[in-house]
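In the UniProt record's numbering, the protein residues as written are 1 to 263. Ideal placement from N, C-alpha and C gives every residue a C-beta, glycine not left out. Remarks on the structure that follows.
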Amino acid sequence: MNMKLILKICLVTFAAILSNSNASTHNWGAYTEAFDAETARVDIDGGFGFNSAFSSLGTNIEAQSTLDGASFTPVLSARSSQSLNNVPGSLAFGYALGMQSYTYTGTGPKTYTLNIALNGAISGDASVRAQVDLRTNISTFAEILAGGSDCTNASPGSINLRNLPAVVCGTDFGSSDLVISSGNTSLFDELIFTLNEGDTFILLAQLNATSYPFGSADASNAFTMNFDDDSNLVLSSVPLPAPVWLFVSGLIALASIKLRKNR
C-alpha cells in the first residue's frame with residue numbers, strides 16, 4: 001500500500017471522528033466517482049466529514065461535489081460529465097449530503113414552511129436528483145436497501161455512499177424528491193409542518209448528479225432551502241453515534257484501496 005492511500009485512509013477516518021462531536025449541529029459528506037468501464041480505471045474521492053470532493057479521469061470523465069454545512073440550512077452542489085466512450089457502465093457521479101438538527105424554543109404550536117429550490121442543466125444521458133427528509137424521534141442513520149423506500153427495509157450502520165439514498169430513521173413528517181433529466185430546468189417545492197414546544201427534528205438534504213456516456217449534469221450551487229420564518233428555531237446537536245460514522249469511514253477506505261489498484 002503506498003503512502004497516498006495510507007494518508008487518504010487516515011484523513012477519511014479523522015474527518016469522521018471530527019464530524020461527530022456531541023455538540024455538532026450538523027454532519028455532512030461529499031463523494032465523487034469517475035469510472036471508465038473500458039479500461040476499468042476508477043477515481044474516487046471524499047466521504048463523510050468532507051465538504052468537497054473531485055474525481056477525474058483526464059478531462060473526459062469528471063465529477064465534483066461541494067456543500068456548505070455550517071449555514072442555517074445546507075447549500076449543496078454537484079456536477080458530472082462523461083464524454084470518453086460509449087462503453088456501458090462508464091459513469092461520473094457527484095454526491096453531497098447535508099444534515100442539520102433544529103429545536104423549537106417557542107411556546108405553543110407554530111407552523112413553518114421550508115422552501116426548496118433546485119436548478120439543473122442536463123445534456124445527453126444524465127440526471128440530477130435532490131431529496132429532503134424531515135424526521136423526529138431519530139433512531140439511527142442508514143442506507144435504503146433495494147426494494148425499500150423507508151426505514152422498514154433499512155440496514156442500520158451499513159451506510160455506503162455508492163448505494164443511495166441514505167435516510168435518517170425516525171418519524172417522517174415531510175419529504176421532497178426532485179428530479180431533472182433534461183434541459184435547463186428549475187424545480188421548486190415546499191414542506192409545511194407544525195412544531196410544539198421542545199420539538200427537535202433532523203433535516204437531511206441529498207443531491208446527486210449522475211452522467212453516463214456522452215452525458216453531463218450540472219447542479220452547481222443549485223440546491224438550496226430556506227424557512228419563510230425561522231424564529232424560535234435553533235440549531236441543536238445531531239444525535240448520531242460515533243461507531244456508525246467510523247464504520248462508514250472504514251468502508252470508504254477499503255473501497256479506496258480496492259478501486260485505486262486499477263489506476
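Rounded to whole angstroms, the separation of the alpha carbons of proline 88 and tyrosine 102 is 43 Å. Of the other Cβ atoms in all chains shown, 16 or more fall within 10 Å of the Cβ of serine 90; this residue is therefore buried.
The three-state secondary structure of asparagine 226, taken from DSSP, is strand.
Per DSSP, the beta bridge partners of serine 211 are Ala92, Ala126. Between the alpha carbons of serine 211 and phenylalanine 173 lies a distance of about 32 Å. Exposed is the label assigned to alanine 40, since fewer than 16 other Cβ atoms lie within 10 Å of its Cβ. Closest by C-alpha distance to valine 234, out of Gln64, Gly198, Asp228, is Gly198. Between isoleucine 192 and the set Ile44, Leu134, Ala30, the nearest pair of CA atoms involves Leu134.
DSSP, reduced to helix, strand and coil, places glycine 29 within a strand of the structure shown. Around the Cβ of glycine 108, a 10 Å sphere holds fewer than 16 other Cβ atoms; the residue is exposed. For alanine 40, the three-state secondary structure derived from DSSP is coil. Within a 10 Å sphere around the beta-carbon of aspartate 177 sit fewer than 16 other beta-carbons, which makes this residue exposed.
The shortest CA-to-CA distance from asparagine 86 to any of Ser236, Ser237, Gly215 is the one to Gly215. Going by C-alpha positions, arginine 129 is about 29 Å away from tyrosine 104. By the Cβ rule, the stretch 114-126 does not count as touching the stretch 55-62, because fewer than three pairs are nearer than 8 Å. Beta-bridge annotation (DSSP): glutamate 62 is paired with Ser56, Ser81. Distance from the CA of serine 80 to the CA of serine 56, rounded to the nearest whole angstrom, comes to 10 Å. Secondary structure of aspartate 45 (DSSP, three-state): strand. In the DSSP assignment, asparagine 196 falls outside any beta strand (DSSP E), carrying neither H nor E.
Leucine 97 sits close to glycine 29, with the two beta carbons spaced by under 8 Å.
Threonine 200 and threonine 111 have their C-alpha atoms spaced approximately 14 Å apart.
Sixteen is the threshold: since fewer than 16 other Cβ atoms of the shown chains lie within 10 Å of the Cβ of threonine 171, the residue is exposed. A straight line joining the alpha-carbon of glycine 106 with that of threonine 136 spans about 17 Å.
Between the alpha carbons of valine 132 and alanine 205 lies a gap of roughly 5 Å. Per the coordinates, the alpha-carbon of alanine 121 lies some 19 Å from the alpha-carbon of phenylalanine 54. Your pair alanine 78 and leucine 187 does not check out as a contact, with CB atoms roughly 15 Å apart and the cut at 8 Å.
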